[in-house]
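Notes follow the structure.
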């Protein structure tokens, strides 16, 4: 009987709760979080605030909501401008919620390949306070690790420099730290050292940490008091949310400590494929830092077609590979595919995925003999989650 091996690397959000999380959720002591009476939510918020060196934290259903709430809270007045990277999650992947829900405009500066934004580029985009024509720069946002740039880490020196820049211009600094614990793991530093120079930080417990739902927004007591009000109008006020928060507590106490394993699996995957000479994709090992690998398509090869081929079971596959293998990757731009590693991936998944990718590339070259299909802007948006 043929065996089928499915390897899902589309995102680190595809994980299922661990048994420890399920047990904690079942046994969670709950209350009404509207009245701040849920002890499990309160404990998760306390843990996150302490971890980031902030006075308080709030539990949200999603990172997108937490980011939008942060922009609304910092700016306070509709019409102000949020300054962020042109490849940031806030700009590309949150439906323009900063504008449609928060009434704020967005200005962008180029993200470098390492996820940073040059201070010189930011300096040119800070609005003059004496102008009665331009919007006021109300907030500066950065992202660490950087999603679209393939999990790139903004180091301690950069975090300090951009924090100093924001303070010198009187502009608050918000950190989209959905995967911030990957950054602290890579750098071997405490999360607090990466958030010391920011005014607020958002972190997801469902990206890489294995919890089923939720994000946390941390900042000062006054900031969180106003953010609680804004969270309510965004629909994020929850009642007996301790059932969800319980999984987050387990994530912080358990799975967060195992992120290095995901980095190791990811690097082994990237290293194995970087050494594979082919005309379909290339990998920059210097840009493979945390739990993501970017496959850059060559010769105009279509990322969607490539991903579809990896999920296809070919007639001779089981004979050549010893099993049927489906590999699920994510096309993130018109020229790139992303693999994201998480706690549900095994070392066997890594080996199977490498074998299937090599098989598909060799199968394409050996069988079709056709020119690669070109990526079409009509079928690809610039970026996916």
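In UniProt numbering, the protein residues as written are 1 to 385. All residues carry an ideal CB built from backbone N, CA and C; glycine is no exception. Owing to the predicted nature of the structure, the values given are computational and were not obtained by experimental measurement.
Give the straight-line distance between the Cα atoms of residue 115 and residue 214, rounded to the nearest whole angstrom. The straight-line gap from Cα to Cα measures roughly 24 Å.
Specify the secondary structure class of residue 269 as computed by DSSP and reduced to three states. Correct three-state label for residue 269: helix.
Suppose you measure from the CA of residue 291 to the CA of residue 347; what does that come to, to the nearest Å? Separation of residue 291 and residue 347 (C-alpha to C-alpha, rounded to the nearest whole angstrom) is 14 Å.
DSSP three-state label for residue 108, please. In this structure, residue 108 counts as strand in the three-state DSSP scheme.
Residues bridged to residue 281 by DSSP? Residue pairing by DSSP places residue 281 opposite 297 in a beta bridge.
Quick check on the DSSP output: the beta strand (DSSP E) that includes residue 41 runs from which residue to which? Per DSSP, residue 41 belongs to no beta strand (DSSP E); it is in the alpha helix (DSSP H), 39–52.
Taking C-beta to C-beta, are residue 5 and residue 318 nearer than 7 Å? No, the pair does not count as a contact, with Cβ atoms beyond the cut-off.
Straight-line gap, residue 3 to residue 358 (C-alpha atoms, nearest Å): Cα-Cα distance, rounded: 19 Å.
Under 6 Å Cβ to Cβ from residue 218, same chain only, skipping five residues before and after it: list those, please. Listed in chain order, the non-local C-beta contacts of residue 218 below 6 Å within the same chain comprise 48, 49, 52, 54, 57 and 201, local neighbours out to five positions each way being set aside.
What is the C-beta distance between residue 355 and residue 325, in whole angstroms, given that I count them as a contact (C-beta under 8 Å)? Yes, residue 355 and residue 325 are in contact; Cβ-Cβ is about 7 Å, under 8 Å.
Measure the alpha-carbon distance for residue 82 versus residue 121 and round it to whole angstroms. About 15 Å.
Specify the secondary structure class of residue 275 as computed by DSSP and reduced to three states. Reduced to three states, the DSSP call for residue 275 is coil.
Which of the three DSSP states, helix, strand or coil, is assigned to residue 89? In this structure, residue 89 counts as helix in the three-state DSSP scheme.
Is residue 65 helix, strand or coil by DSSP? DSSP places residue 65 in helix when its eight states are reduced to three.
What do you get for residue 119, buried or exposed, if any count of 16 or more other CB atoms within 10 angstroms of its CB means buried? Its Cβ having fewer than 16 others within 10 Å, residue 119 is exposed.
Coil, strand or helix - residue 5 by DSSP: Strand at residue 5.
Three-state secondary structure (DSSP) of residue 193: In this structure, residue 193 counts as helix in the three-state DSSP scheme.
Which of helix, strand or coil DSSP assigns to residue 59: Residue 59: strand per DSSP, three-state reduction.
What is the DSSP secondary structure of residue 29, reduced to helix, strand or coil? Note: residue 29 maps to coil in three-state DSSP.
Taking the continuous alpha helix (DSSP H) assigned at residue 176, which residues delimit it? Looking at the DSSP string, residue 176 is not in any alpha helix (DSSP H); the run it does join, the beta strand (DSSP E), is 173–176.
Inter-residue Cα distance where the pair is residue 240 and residue 65: Distance between the alpha carbons of residue 240 and residue 65: 19 Å.
Rounded to the nearest angstrom, what separates residue 255 and residue 182 at their Cα positions? Within the model, the alpha-carbon separation for residue 255 versus residue 182 is close to 12 Å.
Just tell me which of 269, 327, 159 and 236 has its CA closest to the CA of residue 310. Comparing Cα-Cα distances from residue 310 to each of 269, 327, 159 and 236, the minimum goes to 327.
May I ask you to report which of helix, strand or coil DSSP gives residue 74? The three-state reading of DSSP puts residue 74 in helix, counting H, G and I together.
Is DSSP giving residue 142 helix, strand or coil here? Strand, per DSSP.
CA-to-CA distance, residue 267 to residue 343, given in whole angstroms: Taking the straight line joining both Cα atoms gives about 15 Å.
Secondary structure of residue 95, DSSP reduced to three states: Per DSSP, reduced to three states, the secondary structure at residue 95 is coil, with no helix or strand assignment.
On the DSSP bridge assignment, give the partners of residue 247 in chain order. Partner(s): none; residue 247 has no beta bridge.
Nearest to residue 176 by CA position, among 242, 233, 251 and 94, is which residue? Cα-wise, what sits closest to residue 176 is 94.
Tell me the rounded alpha-carbon separation between residue 125 and residue 144. Here the C-alpha atom of residue 125 lies approximately 21 Å from the C-alpha atom of residue 144.
Under the rule that 16 or more other beta-carbon atoms within 10 Å means buried, what is residue 106, buried or exposed? Residue 106 counts as buried, since at least 16 other C-beta atoms from the protein chains shown sit within 10 angstroms of its C-beta.
Collapsed DSSP secondary structure at residue 200 in the structure displayed: In the structure shown, residue 200 sits in a strand (DSSP, three-state: E or B).
Going by C-alpha distance, which of 211, 191 and 39 is nearest residue 62? Comparing Cα-Cα distances from residue 62 to each of 211, 191 and 39, the minimum goes to 211.
Between the Cα of residue 302 and the Cα atoms of 284, 274, 333 and 248, which residue gives the shortest distance? If we check each option's Cα against that of residue 302, 333 comes out closest.
Could you name the residues that DSSP lists as bridge partners for residue 328? According to DSSP, residue 328 bridges with 8.
By the DSSP assignment, the beta strand (DSSP E) with residue 337 in it spans what residues? Unbroken beta strand (DSSP E) run through residue 337: 336–340.
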